[in-house]
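Heads up: the structure comes next, in structure tokens.
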Amino acid sequence: MRLNQILRGWSNYFKHAVAKDRFTALQHYVWQRVIRMLQTRHRWGWKDIRRRYTTRTGRWLPISAADGTVLFDMASVAVTRYRWRGNTIPNRWTALRTA
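Residue numbers (full-length UniProt numbering): 1 to 99.
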């Protein structure tokens, strides 16, 4: 699925920022759009989709393509914070001041 490539690339690019809530919000938005696409393409109602894609206990099954590809979960990407180093970052201005 081309959508998985886009979501994975976007989340890997922004995982060094403070973006966990954005990942969760985008995952929710993508999920809603996929559900809307299923409703439009197959003329299913919400009950039909829920009946087809949930278990008996009410848990959602992953919506997969014909080849078994599952939608990428952006909310599961680990966010690594950028370590602030302050004045320890070398640059040419500090080298000129010490010389």
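For every residue, glycine included, the Cβ atom is placed at its ideal position computed from N, Cα and C.
Nearest neighbour of residue i, chosen from the options [CA to CA]
i: R2; options: L71, R52 and V79; result: L71
i: W46; options: R92, V34 and A25; result: V34
i: V79; options: W10, N4 and W44; result: W10
i: Q32; options: D21, H16, T69 and I49; result: I49
i: A65; options: R43, Y53, R59 and L26; result: Y53
i: K15; options: R92, L38, N91 and Y82; result: Y82
i: D21; options: T69, R92 and S76; result: S76
Residue i versus residue j - alpha carbon distance
i: H28; j: W84; result: 31 Å
i: L61; j: T55; result: 7 Å
Burial state of residue i, where buried means 16 or more other Cβ atoms lie within 10 Å
i: F7; result: Reading off the sequence, residue 7 comes out as Leu, not Phe. Buried: at least 16 other Cβ atoms inside 10 Å.
i: V18; result: exposed
i: M74; result: buried
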